[in-house]
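Chains F and E are the protein sequences, given in the same order.
Residues 27 to 264, numbered by our numbering, are exactly what the first sequence covers, in order.
Residues 24 to 341, numbered by our numbering, are exactly what the second sequence covers, in order.
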Amino acid sequence: MSGSLQQAEKFWNKVCFDPAFKPRGRYRTYRELIVEGMEDAVRGVCPVARSILSEAEWHRLFLHFLKMAPPQSHILRDIAYEFADYLKSTSHPLKSKYPYLAELVEYEVAEIRLRFAPESSVKAPRGRVLLNPAHFLGTYRWPVHFIRQDFCDPKKIPRGDYRLLLWRDPKTLEVHFIEMNPLAATLLEVLVRGALTPRTALAKVARRHRIHATPEFLAEGSGLIRGFVEQGIILSPA
Amino acid sequence: MIRAGFVGHLREAGHFKAMKHPRPKQIGIGLGLRRENIDALLAERPTNVDCLEIAPENFMGTGGKNYRKFRELAELYPMLVHGLTLSVGSLKPLDRGFLKKLKLFLKEIRAPWMTDHLCYASVQGKQFHDLLPLPLTQEALRHVVKRIRQVQDFLELPFAVENVSYYAPAGAGEMPEWEFLSEVVERAGSSLLFDVNNVYVNSVNHRFDPMEYLRHVPLNRVIHVHIAGHTPMKDFLLDTHGAEIIHPVWKLFEYVAKQIEIPGVIIERDHNVPALAEQVKEVEIARRIVRQGQALAAARRKVSTKKHDAKEKRVMAQ
Chain F
27 MSGSLQQAEK FWNKVCFDPA FKPRGRYRTY RELIVEGMED AVRGVCPVAR
77 SILSEAEWHR LFLHFLKMAP PQSHILRDIA YEFADYLKST SHPLKSKYPY
127 LAELVEYEVA EIRLRFAPES SVKAPRGRVL LNPAHFLGTY RWPVHFIRQD
177 FCDPKKIPRG DYRLLLWRDP KTLEVHFIEM NPLAATLLEV LVRGALTPRT
227 ALAKVARRHR IHATPEFLAE GSGLIRGFVE QGIILSPA
Chain E
24 MIRAGFVGHL REAGHFKAMK HPRPKQIGIG LGLRRENIDA LLAERPTNVD
74 CLEIAPENFM GTGGKNYRKF RELAELYPML VHGLTLSVGS LKPLDRGFLK
124 KLKLFLKEIR APWMTDHLCY ASVQGKQFHD LLPLPLTQEA LRHVVKRIRQ
174 VQDFLELPFA VENVSYYAPA GAGEMPEWEF LSEVVERAGS SLLFDVNNVY
224 VNSVNHRFDP MEYLRHVPLN RVIHVHIAGH TPMKDFLLDT HGAEIIHPVW
274 KLFEYVAKQI EIPGVIIERD HNVPALAEQV KEVEIARRIV RQGQALAAAR
324 RKVSTKKHDA KEKRVMAQ
């Protein structure tokens, strides 16, 4: 390696991001330290995905990620978010072996995003309810909330339409998840756009599902909203 | 190649650019804030820890439980800010978006100064979340001086760069490491975060006398010192911050403490983090060394004042 800045950057780039380049001696130590440091950051965010792949598979996939979509963010935690984005677009062969991998990693990453999301000072206006800004609504073909090391054979996992809500309780700052039925999911979807009165929100849900907003429907819906308020999923005026 | 001793000669002659900001006030001796010690610090609130150090990347633009704990601690202790990703060596222009957020954050927590490393933290725009050495060349020197000036002009705060540990060089160098470091801070008019463990680790890994290094860096520019432990590998030392601080590293710190008053000293521990009481013990060792150094400096000042008075008396008598 020559001592010019251009050459130095080129060399370090190969050490960090090019799996075909085999550094020697202490340069190899650098490769190991750097890749391990970034791998650890992702492993900590996606423990379930990591436990399903073998060590060699995980490492191979991670090196491919570093080469194809090298991290851009200054924040170490963001590598996991960047890894989740990479998994959505890559055609790496491991995605055929683990067809749920991209969804599973997205789900695991969403929990960490919420855990570290900035606190919002937003409040529900009088008479209206608002969706907690620290939330994530995901629709999955795989039951990512059940997949784990002893339940990871894609042939045995039922595919479907799974709507999952993750949210951070504004008081305890704990992150929770819930599987939503279609009506509850629609209620939250209509509230994503802004604060509404409970009645307007429920009327919109009824329209989307082509059902009548009967008194029974509205009473049941109001109960659901009250429950969501208690859980910190929906914010209402104090 | 710049010949050895050139920097010292110019400094005495007063040719170098002055520091852009006045020397910061004393903050004290403290610990790096880590996930492993945050709860204990909040619970015990040790009074013999004067300050804490954080990586801004861990807290900027975040929220949640740890952020609340951090803000609570920021009300109790001054926070020194030690960045990881400015990458003053990179060729790609500085990330203005990141710098803007950083400046806001520094203001929010009333940081007395900002620090980061004299190294690469990204190459060709790719972040690798580690530190890699720069080539010790005139070209690199000119480049980092320009970048450091840009950073401190933008942040409008004293900015200190840290000497990094390294295991293998970035190509053939044109000068010793201490000379590169000295030239950078003098020409940029910046401050220095002096890591005595890094000097020790590099002295073993690259076979030089650490005292030679210490004698040649402009210690008057040091505003922040790091002391840490390291891990011996088969044929080199790894800068892990994962062990107790060893005696030779304390000795280097002692030398620095005898030369200057240090505004901020941080004991770094990133791995095998022991109980808070153990970490505080190292803070106390550092405090003893600083006090001894200050006492010596005061005695020196007294002797020099006496000499000066005697000289004045002689002049008056003539």
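Note that the Cβ used here is the ideal one computed from N, Cα and C, for glycine as well.
| Asked | Found |
| --- | --- |
| Mind checking L204 of chain E: buried by the 16 CB within 10 Å criterion, or exposed? | buried |
| When the Cα atoms are used, what is the spatial distance from S99 of chain F to D73 of chain E? | 32 Å |
| Are the CB atoms of A95 of chain F and Y112 of chain F within a distance shorter than 7 Å? | yes |
| If the cut is a Cβ gap below 7 Å, which residues of chain E does Q257 of chain F touch? | Those do not exist, as Q257 of chain F stays about 18 Å from chain E at its closest Cβ, beyond 7 Å. |
| Taking its Cβ as the centre, do 16 or more other Cβ atoms sit within 10 Å of S213 of chain E, making it buried, or is it exposed? | buried |
| So with Cβ pairs under 7 Å, would you call D22 of chain E a contact of chain F? | Limits of chain E in this structure are 24 at one end and 341 at the other, which puts residue 22 of chain E out of reach. |
| Grouping DSSP H, G and I as helix and E and B as strand, with all else coil, what is Y100 of chain E? | coil |
| For the structure I just gave you, are there three or more beta carbon pairs, one from the segment 156 to 168 of chain E and one from the segment 231 to 238 of chain E, closer than 8 Å? | no |
| Output the boundary residues of the alpha helix (DSSP H) element that contains Y56 of chain F. | 51 to 71 |
| So the candidates are E:N89, E:F177, E:V184, E:G148; which of them puts its Cα closest to the Cα of L140 of chain F? | E:N89 |
| Can you tell me whether P196 of chain F is helix, strand or coil according to DSSP? | coil |
| Any chance you could list the alpha helix (DSSP H) runs of at least 4 consecutive residues sitting entirely within the segment 269 to 323 of chain E, in chain order? | 270 to 282 |
| Kindly indicate which three-state DSSP category A36 of chain E falls into: helix, strand or coil? | Residue placement at A36 of chain E is flagged as unreliable, the pLDDT there being 35, under the threshold of 50; the coordinate-derived value follows with that caveat. Of the three classes helix, strand and coil, the one that applies to A36 of chain E here is helix, per DSSP. |
| Going along chain F in order, which residues have a C-beta closer than 7 Å to the C-beta of D153 of chain E? | L59, I60, G63 |
| Threshold first: 3 residues or longer. Then list the beta strand (DSSP E) segments lying entirely within the segment 197 to 227 of chain F, N to C. | 201 to 206 |
| Could you tell me how far apart the beta carbons of A150 of chain F and L261 of chain F are, in whole angstroms, since I believe they sit closer than 8 Å? | 5 Å |
| Look at Q147 of chain E and P97 of chain F and say whether their C-beta atoms are less than 7 Å apart. | no |
| Can a CB atom of chain E be found closer than 7 Å to the CB of P159 of chain F? | no |
| Any beta carbon from chain F within less than 7 Å of E59 of chain E's own beta carbon? | no |
| Distance, Cα to Cα, Y188 of chain F vs F162 of chain F? | 13 Å |
| Along chain F, in chain order, which residues have C-beta atoms closer than 9 Å to that of K149 of chain E? | N39, C42, F43, L92, P96, P97, Q98 |
| Just reading off the alpha helix (DSSP H) that E162 of chain E is part of, what are its end residues? | 161 to 178 |
| Could you tell me the alpha carbon to alpha carbon distance between V74 of chain F and M206 of chain F, rounded to whole angstroms? | 22 Å |
| Between K121 of chain F and the rest of its own chain, which residues show a CB-CB distance below 8 Å, the 5 nearest in sequence each way excluded? | L113, L127, A128 |
| At 3 residues or longer, what runs of the beta strand (DSSP E) sit wholly inside the segment 44 to 120 of chain E? | 51 to 55, 74 to 77, 102 to 105 |
| Please compile the residues from chain F whose C-beta is within a distance smaller than 8 Å of the C-beta of K88 of chain E. | R141, L199 |
| How about S188 of chain E and S145 of chain E: do their beta carbons lie closer than 7 Å? | no |
| Compare the beta carbon distance of Q282 of chain E and L54 of chain E with 7 Å and say whether it is the shorter of the two. | no |
| Please determine, among F:K230, F:L214, F:K40, F:A232, the residue with the shortest C-alpha to C-alpha distance to G253 of chain F. | F:L214 |
| If we cut at 7 Å on Cβ distances, does L96 of chain E have a partner in chain F? | no |
| List the residues that DSSP assigns as beta-bridge partners of V251 of chain E. | The question names Val, but residue 251 of chain E is Ala in the sequence shown. Note: A251 of chain E sits in a beta bridge opposite E:E291. |
| Please list, in chain order, the chain E residues whose beta carbon lies closer than 7 Å to that of T223 of chain F. | Chain E residues near T223 of chain F: none, gap ~29 Å exceeds 7 Å. |
| On the three-state DSSP scale, how would you describe F47 of chain F? | coil |
| In angstroms, rounded to a whole number, what distance separates the CA positions of R26 of chain E and M198 of chain E? | Per-residue confidence for R26 of chain E stands at a pLDDT of 34, beneath the threshold of 50, marking its modelled position as unreliable; the derived number appears in the next sentence. Using only the alpha carbons, I get a separation of about 8 Å. |
| If I'm right that N225 of chain E touches E200 of chain E with Cβ under 8 Å, what's the distance once you round it to whole angstroms? | 6 Å |
| Can you give me the C-alpha to C-alpha distance between P292 of chain E and P45 of chain E, rounded to a whole angstrom? | Inspection of the sequence shows that residue 292 of chain E is occupied by Arg rather than by Pro. Rounded to the nearest angstrom, the two C-alpha atoms are 30 Å apart. |
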